[in-house]
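**Q** Handing you this structure, nothing more for now.
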Amino acid sequence: MPVAPRKAYVVGVGMTKFDKPRGERDYPELGLEASVKALLDAGVTYDDVETAAVGYCYGDSTCGQRAVYQLGMTGIPIVNVNNNCSTGSSAFAFAANSIMSGQADCALALGFEKMAPGSLGSAWDDRAAPMEGTMSQLFELEGEKDYSKEDFGPFAARIFGAAGLEYMERYGAKLEHIAKISAKNHKHSVKNPYAQFRSAPSWEEILKARAITRELTLPMCSPTSDGGAAAIVVSEDFIKKHNLQDRAIELAGLGVSTDSVRLYEDRSRIELAGADMTRRAAQTAYKQAGVGPHDIKVIELHDCFAANELVVYDGLGLCKEGEGHHLIDRGDNTFGGKWVINPSGGLESKGHPLGATGIGMIFYLTMQLRGEAGQLQADNVNYALSHNIGLGGSCVVTVLKRAPFYKKGSTMQQRLGYNVADECKRMTEDELNKVRSKHFSDYLPPSIPESKM
Numbered sequence: 001m002p003v004a005p006r007k008a009y010v011v012g013v014g015m016t017k018f019d020k021p022r023g024e025r026d027y028p029e030l031g032l033e034a035s036v037k038a039l040l041d042a043g044v045t046y047d048d049v050e051t052a053a054v055g056y057c058y059g060d061s062t063c064g065q066r067a068v069y070q071l072g073m074t075g076i077p078i079v080n081v082n083n084n085c086s087t088g089s090s091a092f093a094f095a096a097n098s099i100m101s102g103q104a105d106c107a108l109a110l111g112f113e114k115m116a117p118g119s120l121g122s123a124w125d126d127r128a129a130p131m132e133g134t135m136s137q138l139f140e141l142e143g144e145k146d147y148s149k150e151d152f153g154p155f156a157a158r159i160f161g162a163a164g165l166e167y168m169e170r171y172g173a174k175l176e177h178i179a180k181i182s183a184k185n186h187k188h189s190v191k192n193p194y195a196q197f198r199s200a201p202s203w204e205e206i207l208k209a210r211a212i213t214r215e216l217t218l219p220m221c222s223p224t225s226d227g228g229a230a231a232i233v234v235s236e237d238f239i240k241k242h243n244l245q246d247r248a249i250e251l252a253g254l255g256v257s258t259d260s261v262r263l264y265e266d267r268s269r270i271e272l273a274g275a276d277m278t279r280r281a282a283q284t285a286y287k288q289a290g291v292g293p294h295d296i297k298v299i300e301l302h303d304c305f306a307a308n309e310l311v312v313y314d315g316l317g318l319c320k321e322g323e324g325h326h327l328i329d330r331g332d333n334t335f336g337g338k339w340v341i342n343p344s345g346g347l348e349s350k351g352h353p354l355g356a357t358g359i360g361m362i363f364y365l366t367m368q369l370r371g372e373a374g375q376l377q378a379d380n381v382n383y384a385l386s387h388n389i390g391l392g393g394s395c396v397v398t399v400l401k402r403a404p405f406y407k408k409g410s411t412m413q414q415r416l417g418y419n420v421a422d423e424c425k426r427m428t429e430d431e432l433n434k435v436r437s438k439h440f441s442d443y444l445p446p447s448i449p450e451s452k453m
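Quick note, the sequence shown lines up with residues 1 to 453 if you use my numbering.
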């Protein structure tokens, strides 16, 4: 008989502030700060880490090593991951699989991004685009003749905007429902010190904002962002050996999917936005965790554009097909409702540094399950879910819960020395020295001068 995989647990999380790409902080600094905070939260040093998975989309092939080497050149395996907007969660899944397979007892999942201003684009013009099939079918479905017209908007916004339009046409949702999703997420972010934007426009103001596509206005769109996030993932044996029960969050379910034939066969703009990936990844995660959508309380969902949040409600099974707008009307997507969706503010307002986004979701959900999310805390959180999707395509859905042996003890505030949920501080040189390798630090690449921390 096959042997059941081991369980994986998150015992440390850390994150930088997400901010607009100004070029003020380079990726080694962003990756280092997130890693140091996660190690401090876990109460371990880099000597305990046996493998690392590092996610980013923009950079040369071994940026992960460049960032992690600052903690010590210990010779461990370091794998660089690029999976479009689901890069962070893909790196997390890679680290978790190393634990569940028995290859390691302690893994670092790290994601970071240093992005250029403006809408996403490719750095390559001499080879086939990965999503040329998706774009050509979108043009065909919409009956467009002049595909180069700039007023159609950036390609990613066009795909998700078109999915929202089809949802409205099919099921009777209104553009105001998409605007209300955006207003809800911006309102949540006001209380998030890590968020790129902390203003709360009304849904009416959002509808009147500058148009980006035929369906979407600027506040409905995620910005380009710089930032980093990290998680320490370990086995149960590691937890008990190091007495980490007071911070152990179990990965109860993990679903990873890519596109099915429905992407093209259904000839649907909703399917072009990766809807079937969400359905299948969610079903896998729910089955592994032994729960359903109504057992979940908090969800960090991939709202790269507000229209996608509406479409994803169906894919995650939060409502019957085509009834996502009724969920909005009932207020079941915010505090006081059935679910609290994107209490962080979501990608639209907290920011979207591609490589960090998925692990950032783990950061927020870990604090929710520990009861340490401060002003963002939801009530009665027993299960939490993250949803991270990248077109082209990949989707990762996780279900998290407190470990069965979880017990109250030291808090993240005590371990880092300040209220992490309500204040975002940069790391210090002393914090870096606490978690750096104690045995492999004779030579280290340049770290960040203390004056920049």
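We put the CB at the ideal spot given by N, CA and C, even for glycine.
1. What are the start and end residues of each continuous alpha helix (DSSP H) run of 4 or more residues lying completely inside the region 124 to 212, in chain order?
2. So, are the CB atoms of ALA306 and SER182 less than 7 Å apart?
3. Can you tell me whether MET15 is buried or exposed, with buried defined as 16 or more other CB within 10 angstroms of its CB?
4. What runs of the alpha helix (DSSP H), each 4 residues or longer, lie entirely inside the region 47 to 130?
5. What is the DSSP secondary structure of TYR406, reduced to helix, strand or coil?
6. Restricting to Cα atoms, I'd like to know which of LEU310, ILE296, GLY274, MET100 is closest to ALA173.
7. Based on DSSP bridge pairs, tell me the residues matched to LYS401.
8. Give me the DSSP bridge partner(s) of GLU300.
9. Do THR87 and LEU316 come within 7 Å of each other at the CB atom, strictly closer than that value?
10. Looking only at its chain, what residues have a beta carbon closer than 7 Å to the beta carbon of PHE92, apart from the 5 residues adjacent to it on each side?
11. Kindly give me the distance between the Cβ atoms of GLU300 and SER386, rounded to whole angstroms, as I take these residues to be in contact under 8 Å.
12. Please report the residue range of the beta strand (DSSP E) in which MET15 lies.
13. Who does CYS221 pair with in a DSSP beta bridge?
14. Report the CB separation of LEU376 from LYS401 in whole angstroms; it is logged as a contact under 8 Å.
15. Measuring straight from C-alpha to C-alpha, what distance separates THR413 and CYS424?
16. Who are the Cβ neighbours of PRO130 in its own chain at under 7 Å, not counting the five residues just before and after it?
17. For GLY255, name the three-state secondary structure that DSSP assigns.
18. Which residues in the same chain as ALA211 place their Cβ atom closer than 7 Å to its Cβ, once the five residues preceding and following it in sequence are excluded?
19. Could you have a look at VAL36 and say whether DSSP puts it in helix, strand or coil?
20. How would you call GLY12, buried or exposed, if buried means at least 16 neighbouring beta carbons within 10 angstroms?
21. For the putative contact between SER260 and CYS395, defined by C-beta atoms under 8 Å, what is the C-beta separation to the nearest angstrom?
22. What are the boundary residues of the alpha helix (DSSP H) that LYS282 is part of?
23. DSSP on VAL435, reduced to helix/strand/coil?
24. In three-state terms, what does DSSP make of ALA229?
25. For the alpha helix (DSSP H) that contains TYR418, what are its first and last residues?
26. Alpha carbon to alpha carbon, how far is PRO343 from VAL79?
27. How do the region 240 to 247 and the region 264 to 284 stand: do at least 3 beta-carbon pairs fall below 8 Å, yes or no?
28. Using CA coordinates, which residue listed in GLY374, THR74, ASN380 is at the minimum distance from SER189?
29. Assign GLU250 to buried or exposed, taking buried as 16 or more other Cβ atoms, counted over all protein chains shown, within 10 Å of its Cβ.
30. Spatial neighbours of GLY102 within its chain, please: CB distance less than 7 Å, with the 5 preceding and 5 following residues excluded, ordered by chain position.
31. Under 8 Å Cβ to Cβ from GLY371, same chain only, skipping five residues before and after it: list those, please.
32. Quick check on this structure: which residue in LYS438, GLY228, ASP105, HIS325 has the alpha carbon closest to the alpha carbon of ALA38?
33. Quick check on TRP124: buried or exposed, where buried means 16 or more other Cβ atoms within 10 Å of its Cβ?
**A** The answer reads as follows:
1. With a minimum length of 4 residues, the continuous alpha helix (DSSP H) runs that stay inside the region 124 to 212 are 132 to 142, 155 to 171, 175 to 189, 203 to 208.
2. Stepping through the sequence shown from its first residue, residue 306 is reached at position 306. Stepping through the sequence shown from its first residue, residue 182 is reached at position 182. Taking 7 Å as the Cβ cut-off, ALA306 and SER182 qualify as a contacting pair.
3. Here the question's residue 15 lines up with position 15 in the sequence shown. So MET15 ends up on the buried side.
4. Here the runs fully enclosed are 63 to 68, 87 to 100.
5. Locating residue 406 in the sequence shown gives position 406, counting from the first residue. Reduced to three states, the DSSP call for TYR406 is coil.
6. One-based indexing of the sequence shown puts residue 173 at position 173. Of LEU310, ILE296, GLY274, MET100, the residue nearest in Cα terms is LEU310.
7. Counting from one through the sequence shown, the residue named residue 401 turns up at place 401. Per the DSSP secondary-structure output, LYS401 pairs in a beta bridge with GLU250, TYR383.
8. For the purposes of this step, residue 300 is taken as residue 300 along the sequence shown, with counting starting at 1. Paired residue(s): SER386.
9. On the sequence shown, position 316 is the one that residue 316 refers to. On the sequence shown, position 87 is the one that residue 87 refers to. Going by C-beta atoms, LEU316 is not nearer than 7 Å to THR87.
10. In the sequence shown, the residue the question calls residue 92 occupies position 92. Closer than 7 Å at the Cβ level, and outside the excluded window around PHE92, lie ALA109, ALA231, GLY358, ILE359, ILE362.
11. What you label residue 300 is simply residue 300 of the sequence shown in a count that begins at 1. What you label residue 386 is simply residue 386 of the sequence shown in a count that begins at 1. Confirmed, Cβ separation roughly 5 Å.
12. As a working note, residue 15 is residue 15 in the sequence shown. That run of the beta strand (DSSP E) goes 9 to 15.
13. Taking the sequence shown and counting its residues from 1, the one referred to as residue 221 is at position 221. Paired residues: PHE305.
14. Indexing the sequence shown from 1 puts residue 376 at position 376. Indexing the sequence shown from 1 puts residue 401 at position 401. Contact between LEU376 and LYS401 is absent: CB atoms are separated by about 18 Å, not below the 8 Å threshold.
15. Here residue 413 corresponds to residue number 413 of the sequence shown, with the count starting at 1. Here residue 424 corresponds to residue number 424 of the sequence shown, with the count starting at 1. Note that residue 413 corresponds to Gln in the displayed sequence, not to Thr. GLN413 and CYS424: Cα-Cα distance of roughly 12 Å.
16. Taking the sequence shown and counting its residues from 1, the one referred to as residue 130 is at position 130. So the qualifying residues of the chain are GLY392.
17. For the purposes of this step, residue 255 is identified with residue 255 of the sequence shown, where counting begins at 1. The answer is strand: DSSP assigns GLY255 an E or B state.
18. Counting from 1 along the sequence shown, the entry for residue 211 is found at position 211. Cβ contact annotation for ALA211 (same chain, cutoff 7 Å, sequence separation greater than five): THR217, in chain order.
19. Along the sequence shown, read from residue 1 onward, the residue named residue 36 stands at position 36. The answer is helix: DSSP assigns VAL36 an H, G or I state.
20. As a first step, residue 12 is located in the sequence shown; it is residue number 12 there, counting from the start. With 16 or more other Cβ atoms within 10 Å, it is buried.
21. Position 260 of the sequence shown, counting from 1, holds the residue named residue 260. Position 395 of the sequence shown, counting from 1, holds the residue named residue 395. With a Cβ gap of about 11 Å, SER260 and CYS395 do not count as contacting.
22. By one-based count along the sequence shown, residue 282 stands at place 282. Residue identity differs from the one stated: residue 282 is Ala in this sequence, not Lys. That run of the alpha helix (DSSP H) goes 275 to 289.
23. If you number the sequence shown from 1, residue 435 lands on position 435. Helix, per DSSP.
24. On the sequence shown, position 229 is the one that residue 229 refers to. Judged by DSSP in its simplified three-state form, ALA229 adopts strand.
25. Your numbering for residue 418 matches position 418 in the sequence shown. Where TYR418 is concerned, there is no enclosing alpha helix (DSSP H), given that its DSSP letter is neither H nor E.
26. Mapped onto the sequence shown, residue 343 falls at position 343. Mapped onto the sequence shown, residue 79 falls at position 79. Near 31 Å, if we compare the C-alpha coordinates of VAL79 and PRO343.
27. The answer is no - the region 264 to 284 does not touch the region 240 to 247, with fewer than three Cβ pairs under 8 Å.
28. Within the sequence shown, the letter at position 189 stands for residue 189. Ranking the options by Cα distance to SER189, first place goes to GLY374.
29. Position 250 of the sequence shown, counted from the first residue, corresponds to residue 250. Taking all protein chains in view, the Cβ of GLU250 is crowded by 16 or more other Cβ atoms within 10 Å, so the residue is classified as buried.
30. By one-based count along the sequence shown, residue 102 stands at place 102. Here GLY102 has ARG6 as same chain residues with Cβ atoms under 7 Å from its own Cβ, once five neighbours each way along the sequence are excluded.
31. Counted from its first residue, the sequence shown places residue 371 at position 371. Closer than 8 Å at the Cβ level, and outside the excluded window around GLY371, lie GLN377, VAL381.
32. Taking the sequence shown and counting its residues from 1, the one referred to as residue 38 is at position 38. When each option's Cα is compared against that of ALA38, the closest is GLY228.
33. Residue mapping note: residue 124 aligns to position 124 of the sequence shown, counting from 1. So TRP124 counts as exposed.
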